[in-house]
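Worksheet: the structure to be examined is printed underneath.
Numbering (the numbering used here), first residue to last: 1026 to 1159.
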């Protein structure tokens, strides 16, 4: 296998969501796609994960108790700038701020709940991993 070959089994995805049903169902879906997964119900828990540096892509809810998803993404970028992020939010009025745009997020990486075509997660995760390896 070449160094640039992307296979789901070599990709770890963090699912950060405080809603257990959403967190677990998304993690199970991603495992079924062949990705390795980590889950956390709070940004604080996610930041404490010893494997956080191994994560390729984080799928982050915005509305969390304590540290919100936006602040988590900003902190994650400082700690592990290679980790790419997708935003998964129920906030229909959500808009990216300039700091998130500077980090590299675009509207394409914002998914609004409920996501009816779960395949978009696999597609975007693989795109984000390819970006990180180029």
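From the three backbone atoms N, C-alpha and C, an ideal C-beta is built for every residue, glycine too.
Open item on the list: Using 8 Å as the threshold, is the C-beta distance between residue 1058 and residue 1085 below it?
Closed with: Mapped onto the chain shown, residue 1058 falls at position 33. Mapped onto the chain shown, residue 1085 falls at position 60. Cβ distance not < 8 Å, so residue 1058 and residue 1085 don't count as in contact.
TODO: Following the continuous alpha helix (DSSP H) through residue 1155, name the residue where it begins and the one where it ends.
DONE: Residue mapping note: residue 1155 aligns to position 130 of the chain shown, counting from 1. Per DSSP, residue 1155 belongs to the alpha helix (DSSP H) from 1144-1158.
TODO: Enumerate in chain order the residues of its own chain whose CB-to-CB distance from residue 1147 is below 6 Å, with the five nearest sequence positions on each side excluded.
DONE: Counting from one through the chain shown, the residue named residue 1147 turns up at place 122. 1058, listed in sequence order.
- [ ] Report yes or no: do the segment 1063-1073 and the segment 1112-1129 share at least 3 C-beta pairs separated by less than 8 Å?
- [x] no
Task: Range covered by the alpha helix (DSSP H) that runs through residue 1128 - done: Counting from 1 along the chain shown, the entry for residue 1128 is found at position 103. In the DSSP annotation of this structure, the continuous segment of the alpha helix (DSSP H) that includes residue 1128 starts and ends at 1123-1128.
- [ ] Using 10 angstroms around the beta-carbon of residue 1103, count the other beta-carbons present and answer buried if the total reaches 16, otherwise exposed.
- [x] The count along the chain shown starts at 1 and reaches residue 1103 at position 78. Burial call: exposed.
Open item on the list: I'd like to know whether the C-beta atoms of residue 1083 and residue 1101 end up nearer to each other than 8 Å.
Closed with: By 1-based counting over the chain shown, the position of residue 1083 is 58. By 1-based counting over the chain shown, the position of residue 1101 is 76. For residue 1083 and residue 1101, yes; Cβs fall inside 8 Å.
TODO: Determine the extent of the beta strand (DSSP E) in which residue 1089 is found, giving its start and end residues.
DONE: Walking along the chain shown from the start, residue 1089 turns up at place 64. According to the DSSP assignment, residue 1089 belongs to no beta strand (DSSP E), since it is labelled neither H nor E.
- [ ] Can you give me the Cβ contacts of residue 1093 inside the same chain, cut-off strictly under 8 Å, excluding the 5 residues immediately before and after it?
- [x] Counting from 1 along the chain shown, the entry for residue 1093 is found at position 68. Result list for residue 1093: 1068, 1087, in chain order.
- [ ] Using 10 angstroms around the beta-carbon of residue 1141, count the other beta-carbons present and answer buried if the total reaches 16, otherwise exposed.
- [x] Position 116 of the chain shown, counted from the first residue, corresponds to residue 1141. Classification for residue 1141: exposed.
Open item on the list: Report the CB separation of residue 1098 from residue 1077 in whole angstroms; it is logged as a contact under 8 Å.
Closed with: The count along the chain shown starts at 1 and reaches residue 1098 at position 73. The count along the chain shown starts at 1 and reaches residue 1077 at position 52. That belief does not hold up - the Cβ atoms of residue 1098 and residue 1077 are roughly 13 Å apart, past 8 Å.
Task: Assigned secondary structure, residue 1105 (DSSP; H/G/I helix, E/B strand, else coil) - done: Position 80 of the chain shown, counting from 1, holds the residue named residue 1105. Residue state, collapsed to three classes: coil.
Task: Member of 1156, 1150, 1158 whose CA lies at the smallest distance from the CA of residue 1037 - done: Along the chain shown, one-based indexing puts residue 1037 at 12. Considering only alpha carbons, the answer is 1150.
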